[in-house]
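For reference, the structure discussed in these notes is given below.
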Amino acid sequence: MLNNKKLFGLIGCPLEHSFSKVFFERKFAAEKIENAAYNNYPIENIGLLPALLKQETDLCGFNVTVPYKEAVMPFLDKISAVAAEVGAVNVVKIDRNKIENPFLTGYNTDVYGFEKALLETTLCKAVKQKNKLSALVLGTGGAAKSAGYVLKKLNIDYQFVSRQPKPNALTYENLDKQVLQNNLLIINATPLGMFPNVNSCPSIDYTAIGKEHFLFDLVYNPAETLFLKKGKKQGAFVQNGCKMLCYQAEEAWRIWNDLSLKTCK
70 MLNNKKLFGL IGCPLEHSFS KVFFERKFAA EKIENAAYNN YPIENIGLLP
120 ALLKQETDLC GFNVTVPYKE AVMPFLDKIS AVAAEVGAVN VVKIDRNKIE
170 NPFLTGYNTD VYGFEKALLE TTLCKAVKQK NKLSALVLGT GGAAKSAGYV
220 LKKLNIDYQF VSRQPKPNAL TYENLDKQVL QNNLLIINAT PLGMFPNVNS
270 CPSIDYTAIG KEHFLFDLVY NPAETLFLKK GKKQGAFVQN GCKMLCYQAE
320 EAWRIWNDLS LKTCK
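Using the numbering used here, you'd call the opening residue of the sequence shown number 70 and step up by one each time.
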């Protein structure tokens, strides 16, 4: 390995919005981890992954962000049970020890990060205890599927919302005031509002949002998206995806460094 360092990284496109590299570099510095480095790999299409792995022979694991959380799965040798059920992967562990070609195992730590961040929210706990909580998940991609998996686990009723008609999903045209008022938890699992496109947001009627609502944006850059600003203006409790990012990243680090996880658990 170069300079005896383990190499990790992030694939996706674009990557200008991502804090993952900053997160891990700060972690390495704070914890005095000197044998690790983290790089961004903005590949233009997922078909370039094999070439990247061939080039970066020191790569021990990588994170996956938009738009490849689903598209990466056919390139993997094994997939964890959770990631398979969700239908999305955001962490890949590489085993190069016993075989010539790298052996890739996919995991989903977005589930862990989202659940932990959500359950820390006192409003969410309070509403759930009153059996009033149902949710709308804006988006149908990998991040949305992770959120849906957690909501199902927590016995929270939810519906996906899609721009185009899809089975088992609402469209934005279906989101009248009554629907929005009946769903107190609204999760933005789309890239809308993400840097640099900070002036975009999901197309919902924000006048239907009130102080009993909880708006959770999986986007963390910027810290307060237009989606959250509009909800906050209506009195809603809002939260960005920063805690989710940190929790899922720490879980990814655990997976990459767990020697027992050479094969799927």
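Every residue gets a Cβ at the ideal spot worked out from N, C-alpha and C, and that includes glycine.
| With distances taken from CA atoms, which of A258, P271, D245 and N290 is nearest A277? | D245
| Just how far apart, CA to CA, sit K302 and H282? | 12 Å
| task | Report the rounded CA-to-CA distance for A120 versus A321, giving the unit in angstroms. | result | 23 Å
| field | Start-to-end residues for the beta strand (DSSP E) that takes in V307 | value | F306 to Q308
| With 16 as the cutoff for other CB atoms within 10 Å, does T332 come out buried or exposed? | The pLDDT assigned to T332 is 39, lower than 50, so where the model puts this residue is not dependable; a value taken from the coordinates is nonetheless given after this. Answer is exposed; the Cβ neighbour count stays below 16.
| said: Only counting the same chain, and skipping five residues up and downstream in sequence, which positions put a Cβ closer than 6 Å to that of L122? | reply: P171
| 8 Å contact criterion, which I148 and Y110 should meet: CB distance rounded | Going by Cβ atoms, the distance from I148 to Y110 rounds to 20 Å, so no, they are not a contact pair.
| task | Measure the C-alpha to C-alpha separation of C193 and E125 and round it to an integer number of angstroms. | result | 43 Å
| task | Enumerate in chain order the residues of its own chain whose CB-to-CB distance from F294 is below 6 Å, with the five nearest sequence positions on each side excluded. | result | A small fix is needed here, since residue 294 is Thr in this sequence, not Phe. Contacts found: G262, D286 and V288.
| Mapping DSSP to helix, strand and coil, what is C270? | coil
| Is the CB-CB distance between A212 and K312 below 9 Å? | no
| said: On the criterion of 16 or more Cβ atoms from any shown chain inside 10 Å, does E242 qualify as buried, or is it exposed? | reply: exposed
| message | By the three-class DSSP mapping on this structure, what secondary structure does V161 have? | response | strand
| request: Take the Cβ of N215 as the centre, count every other Cβ of all protein chains shown within 10 Å, and call the residue buried at 16 or more, exposed below. | output: One detail in the question is off: residue 215 reads as Ser in this sequence, not Asn. It counts as buried.
| Run of the beta strand (DSSP E) containing V133, from where it starts to where it stops | L128 to V133
| query | Below 9 Å between beta carbons: does that hold for P271 and L207? | reply | yes
| field | S231, enclosing beta strand (DSSP E) - first and last residue | value | D226 to S231
| task | Give the secondary structure of I87 by DSSP, where H, G and I count as helix, E and B as strand, and everything else as coil. | result | Residue 87 is actually Ser in this sequence, not Ile. Coil at S87, not helix or strand.
| query | With distances taken between CB atoms, is the gap from V151 to N177 smaller than 9 Å? | reply | yes
| request: State yes or no: is the C-beta of G182 within less than 9 Å of the C-beta of T259? | output: no
| query | What is the DSSP secondary structure of K334, reduced to helix, strand or coil? | reply | Unreliable positioning characterises K334 in this predicted model, as indicated by a pLDDT of 32, which lies under 50. A coordinate reading is not provided.
| request: Quick one: measure Cβ to Cβ for V47 and G175, integer angstroms, because I've assumed they're closer than 8 Å. | output: Only positions 70 to 334 of the chain appear in the structure, and residue 47 is not among them; the question remains open.
| Between the CA atoms of G130 and A99 - distance to the nearest angstrom | 21 Å
| field | Residue(s) in a DSSP beta bridge with I256 | value | V206 and F285
| task | Might you give, ordered along the chain, the residues of its own chain that have their beta carbon closer than 7 Å to the beta carbon of I112, omitting 5 neighbours on each side? | result | I80, C82, L118 and L121
| N- and C-terminal bounds of the beta strand (DSSP E) containing K75 | K75 to I80
| If you drop the 5 nearest sequence neighbours on each side, which residues of the same chain put their C-beta closer than 6 Å to that of K334? | Note on K334: pLDDT 32, under 50, position unreliable in the model; the coordinate value appears next. Cβ within range, chain order: n/a, list empty.
| Candidates L84, N73, G78 and F88: which alpha carbon is nearest G310's? | F88
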